[in-house]
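Enquirer: Read the sequence shown against full-length UniProt numbering and you will find it ends at 454, with the numbers running on by one and no gaps. Backbone N, C-alpha and C define an ideal beta-carbon position, used for all residues, glycine too.
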Amino acid sequence: MNPNDDKPVMTPAMLGLDIDKNGFVHYQAAPLALARKEKGVLQLLLRDWPAMVAKASFAREVWAGEMSDESLARCVTSLRAALKGIAGIQIRAIYGQGYQLQIVPPALSVPGPVTETIAPPIAYSRLLDAARIAPVHAETLMHARTLIQRRTNSSLERAEALLRTLMTQAPDYAPAKIAFAECLGGQMSCGWGLTPADLDKGLRLLADVAKQSPQAAGLWSQTAHMLDGAWRFSEADRLHARARQTQVDDPSTHYHLGWHMLARGRSDDALHAFRDALALAPFSPALAIMVARAYTFLDQPDMALVYANKVYEEHPDSSQAYVFWLVCEASVNPRAALIDPLLDVKLDALSWSFAPPSVAYGLALCGASDAAAALIARSAGDNPSVRATYTSTQLLLGETEDAQQRVEAAAALGAGFLPIFLHSPGNRRLRDHPRYAAVHAAVFQHAPPPLPAI
1 MNPNDDKPVM TPAMLGLDID KNGFVHYQAA PLALARKEKG VLQLLLRDWP AMVAKASFAR
61 EVWAGEMSDE SLARCVTSLR AALKGIAGIQ IRAIYGQGYQ LQIVPPALSV PGPVTETIAP
121 PIAYSRLLDA ARIAPVHAET LMHARTLIQR RTNSSLERAE ALLRTLMTQA PDYAPAKIAF
181 AECLGGQMSC GWGLTPADLD KGLRLLADVA KQSPQAAGLW SQTAHMLDGA WRFSEADRLH
241 ARARQTQVDD PSTHYHLGWH MLARGRSDDA LHAFRDALAL APFSPALAIM VARAYTFLDQ
301 PDMALVYANK VYEEHPDSSQ AYVFWLVCEA SVNPRAALID PLLDVKLDAL SWSFAPPSVA
361 YGLALCGASD AAAALIARSA GDNPSVRATY TSTQLLLGET EDAQQRVEAA AALGAGFLPI
421 FLHSPGNRRL RDHPRYAAVH AAVFQHAPPP LPAI
């Protein structure tokens, strides 16, 4: 008789790894910080343990049908890294078939401190990094980041001024440099007319951080975002992957990935990334709006309106939430009753940066063509980036040639948000213009081949 026969079979749950009733994976009762697909893969491995999970199951239940072997292998590699600190757990590849979660006897496993590879749910690395300095500097940083998230011209100007002063006062404070790059990224996204040379200033700051503090929270995600703004998508790809492996607890990691996916025309992946960001920062109206925007890119305006309603109910004092809700209402149910509320929106430096073109678009949808045209005319003296934000309204009004010219001017400038705008539903009519192909080729010349699903 084998003396080991009476020993209880070791299970993942006995090692502290289990799934709760809501589908969240926990280790020792604390939720694991995993990317969406990593979490899905681990759920299947735990659910079917000790059996193997076939590739077809991963494709069907985690990738919704479109999965390459490469994308699954990349996801499993990231998951292995995240679980490396849990002694006794391994993921075994069954060649050509799938993967299996294995329990390894303690004598054969190499234990390691869990905190090295699994982000504790109470240790938010972004806040920890920010706090490693005098309180006045940490408070300045946090206030500046709050201003950046408001996405108004006034708030972005104030954030830039605060961060420039902070970098002078604390030149070795890495979070300030990362936040300054974040501010540049916000200005780029809001149509400030930044050029690739302007974004290079942020990239140089981030390169300094990478030399001194390569583990700094937000570093790789922010660098990837700046590269996206400069249309350097191949370089950005690699850094987004690195950010997802090392900073999965940071909402910006997922927000920037979602932005990247929208720019690449991968709207479904963008939606998932924005949802992940919102799950980590549930009180952010900006992130909720990005979830809604992703639905519009997927031609699901009804779902966009559901999120727009929710974000406006939760943030009734947010002009950004209010304007976005009005435009979503106009997209789903355009009607004359919305014209006066749209006309009453205050448009100044304290307004959401995209309020003027959004109001113009909503007015055009509701049939107030003259009012929409008046807002377009007001933008004539703005920089090429701002002028390009009105193209979807111009297309509704039949001004296709002027819209094309505005896009061409923004492309010549190197407007960072242009990749997203070219993929937006409101600008699809531009694709029929005879000169559109040249603009598209210029913007996406550094894009790699189509991405596998993530």
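(1) Just checking my contact of P425 with D299 at CB under 8 Å: how many whole Å lie between their CB atoms?
(2) Figure out for me which residue from A144, A355 and A372 has the closest Cα to the Cα of I178.
(3) CA-CA distance, T146 and R74?
(4) Any idea which residues DSSP pairs T296 with across the strands?
(5) Would you call the stretch 411 to 428 in contact with the stretch 378 to 397, where contact means no fewer than 3 C-beta pairs closer than 8 Å?
(6) Going by C-alpha to C-alpha distance, which of M14, D172 and L203 sits closest to G185?
(7) Could you tell me the distance, in whole angstroms, from the CA atom of A119 to the CA atom of Q247?
(8) The beta strand (DSSP E) spanning A93 covers which residue range?
(9) Can you give the beta carbon distance from T152 to A304, rounded, assuming they're within the 8 Å contact cut?
(10) Is it buried or exposed for S234, if we count other Cβ within 10 angstroms and need 16 for buried?
(11) Just to confirm the assignment: which complete alpha helix (DSSP H) runs, minimum length 4, are found wholly within the UniProt domain "OmpR/PhoB-type" (31 to 101)?
(12) Within the continuous beta strand (DSSP E) that includes D344, where are the two ends?
(13) For A292, which of T253, R264, D317 and V332 has the nearest alpha-carbon?
(14) Across which residues does DSSP place T152 in a beta bridge pair?
(15) From V104 to D172, what does the alpha carbon distance come to, in whole angstroms?
(16) Measuring alpha carbon to alpha carbon, tell me which residue in C366, E314 and K346 is nearest V327.
(17) Just verifying my parser: in three-state terms, what is the DSSP assignment at I103?
(18) Cα-Cα, which of Q169, E38 and I148 is closest to Q245?
(19) Identify every run of the alpha helix (DSSP H) within the stretch 393 to 453, keeping only runs that are complete inside it and at least 4 residues long; order them along the chain.
(20) Within the present structure, is the beta-carbon of M226 separated from the nearest heavy atom of the ligand FAD by less than 8 Å?
(21) Put H315 into one of helix, strand or coil per three-state DSSP.
(22) Have a look at S318 and S221 and give me their C-alpha separation to the nearest angstrom.
(23) Classify E116: buried if its beta carbon has 16 or more other beta carbons within 10 angstroms, exposed otherwise.
(24) Evaluate contact between the stretch 222 to 230 and the stretch 132 to 141, counting only Cβ atoms and requiring at least three cross-stretch pairs below 8 Å.
(25) Please report how far the alpha carbon of L42 lies from the alpha carbon of W192, in whole angstroms.
(26) Which two residues bound the contiguous beta strand (DSSP E) that contains I19?
(27) Please classify P3: is it buried, with 16 or more other beta-carbons within 10 angstroms of its beta-carbon, or exposed?
(28) Identify the continuous alpha helix (DSSP H) that holds V386 and give its terminal residues.
(29) Can you tell me which of T11, H446, V25 and D198 puts its alpha carbon nearest to the alpha carbon of D237?
(30) Use the C-beta contact count for V439: other C-beta atoms within 10 angstroms, 16 or more gives buried, fewer gives exposed.
(31) Using CA coordinates, which residue listed in A170, L287, M188 and P434 is at the minimum distance from E314?
(32) Span of the beta strand (DSSP E) holding V209?
(33) From which residue to which residue does the beta strand (DSSP E) around Y27 run?
(34) Pull up the CB-CB distance for A364 and T393, whole angstroms please, since I reckon it's below 8 Å.
Expert: With the given structure in hand:
(1) Position 425 of the sequence shown, counted from the first residue, corresponds to residue 425. Position 299 of the sequence shown, counted from the first residue, corresponds to residue 299. That belief holds up - the Cβ atoms of P425 and D299 are roughly 6 Å apart, short of 8 Å.
(2) Position 178 of the sequence shown, counted from the first residue, corresponds to residue 178. I178 has its Cα closest to that of A144, out of A144, A355 and A372.
(3) As a position in the sequence shown, residue 146 is number 146, starting the count at 1. As a position in the sequence shown, residue 74 is number 74, starting the count at 1. Taking the straight line joining both Cα atoms gives about 34 Å.
(4) One-based indexing of the sequence shown puts residue 296 at position 296. For T296, which the question treats as bridged, DSSP gives no partner whatsoever.
(5) Short answer: they touch.
(6) Residue numbering aside, residue 185 sits at position 185 when the sequence shown is read from its first letter. When each option's Cα is compared against that of G185, the closest is L203.
(7) Working through the sequence shown from its first residue, we reach residue 119 at position 119. Working through the sequence shown from its first residue, we reach residue 247 at position 247. Note on A119: pLDDT 38, under 50, position unreliable in the model; the coordinate value appears next. Straight-line Cα distance between these residues: approximately 9 Å.
(8) Position 93 of the sequence shown, counting from 1, holds the residue named residue 93. Per DSSP, A93 belongs to the beta strand (DSSP E) from I89 to I94.
(9) One-based indexing of the sequence shown puts residue 152 at position 152. One-based indexing of the sequence shown puts residue 304 at position 304. That pair is no contact at about 22 Å.
(10) Translated into positions along the sequence shown, residue 234 becomes position 234. Exposed: under 16 other Cβ atoms inside 10 Å.
(11) 36 to 48, 55 to 61 and 69 to 83
(12) The residue you call residue 344 lines up with position 344 of the sequence shown. No beta strand (DSSP E) contains D344, which DSSP labels as neither H nor E.
(13) Against the sequence shown, residue 292 aligns to sequence position 292. The shortest C-alpha separation from A292 is found at V332.
(14) Position 152 of the sequence shown, counted from the start, is the residue given in the question as residue 152. W352, per the DSSP bridge assignment.
(15) Numbered from its first residue, the sequence shown carries residue 104 at position 104. Numbered from its first residue, the sequence shown carries residue 172 at position 172. Cα to Cα, V104 sits roughly 45 Å from D172.
(16) Residue 327 sits at position 327 when you count from the first residue of the sequence shown. Looking at the Cα atoms, C366 is the closest of the given residues.
(17) Position 103 of the sequence shown, counted from the start, is the residue given in the question as residue 103. Looking at I103 - three-state DSSP - the assignment turns out to be strand.
(18) Taking the sequence shown and counting its residues from 1, the one referred to as residue 245 is at position 245. For the residues Q169, E38 and I148, the minimum Cα distance to Q245 belongs to E38.
(19) 400 to 413, 418 to 423 and 436 to 443
(20) This structure simply doesn't include the ligand FAD, nor any ligand for that matter.
(21) Position 315 of the sequence shown, counting from 1, holds the residue named residue 315. Reduced to three states, the DSSP call for H315 is coil.
(22) Here residue 318 refers to the residue found at position 318 when the sequence shown is read from its first residue. Here residue 221 refers to the residue found at position 221 when the sequence shown is read from its first residue. Whole-angstrom Cα-Cα distance: 27 Å.
(23) Within the sequence shown, residue 116 is the residue found at index 116, counting from 1. Low per-residue confidence applies at E116: pLDDT is 31, beneath 50, and the placement is therefore not dependable enough to give any value.
(24) no
(25) Here residue 42 corresponds to residue number 42 of the sequence shown, with the count starting at 1. Here residue 192 corresponds to residue number 192 of the sequence shown, with the count starting at 1. CA-CA distance, L42 to W192, rounds to 42 Å.
(26) Taking the first residue of the sequence shown as 1, we reach residue 19 at position 19. Looking at the DSSP string, the run of the beta strand (DSSP E) that includes I19 is L17 to I19.
(27) Against the sequence shown, residue 3 aligns to sequence position 3. Note that P3 scores a pLDDT of 44, beneath 50, so its modelled location is shaky; the value from the coordinates is reported in the next line. P3 should be labelled exposed.
(28) In the sequence shown, residue 386 corresponds to position 386, counting from 1. Its alpha helix (DSSP H) spans residues P384 to A388.
(29) Along the sequence shown, one-based indexing puts residue 237 at 237. Considering only alpha carbons, the answer is H446.
(30) Here residue 439 refers to the residue found at position 439 of the sequence shown. Burial of V439 is indicated by the presence of at least 16 other C-beta atoms within 10 angstroms of its C-beta.
(31) Here residue 314 is taken as the residue at index 314 of the sequence shown, counted from 1. Per the Cα distances, L287.
(32) As a first step, residue 209 is located in the sequence shown; it is residue number 209 there, counting from the start. From DSSP, V209 is part of no beta strand (DSSP E) but of the alpha helix (DSSP H) over P196 to Q212.
(33) For the purposes of this step, residue 27 is taken as the residue at position 27 of the sequence shown. If you look at Y27, you'll find it in the beta strand (DSSP E) that goes V25 to Y27.
(34) If you number the sequence shown from 1, residue 364 lands on position 364. If you number the sequence shown from 1, residue 393 lands on position 393. With a Cβ gap of about 5 Å, A364 and T393 count as contacting.
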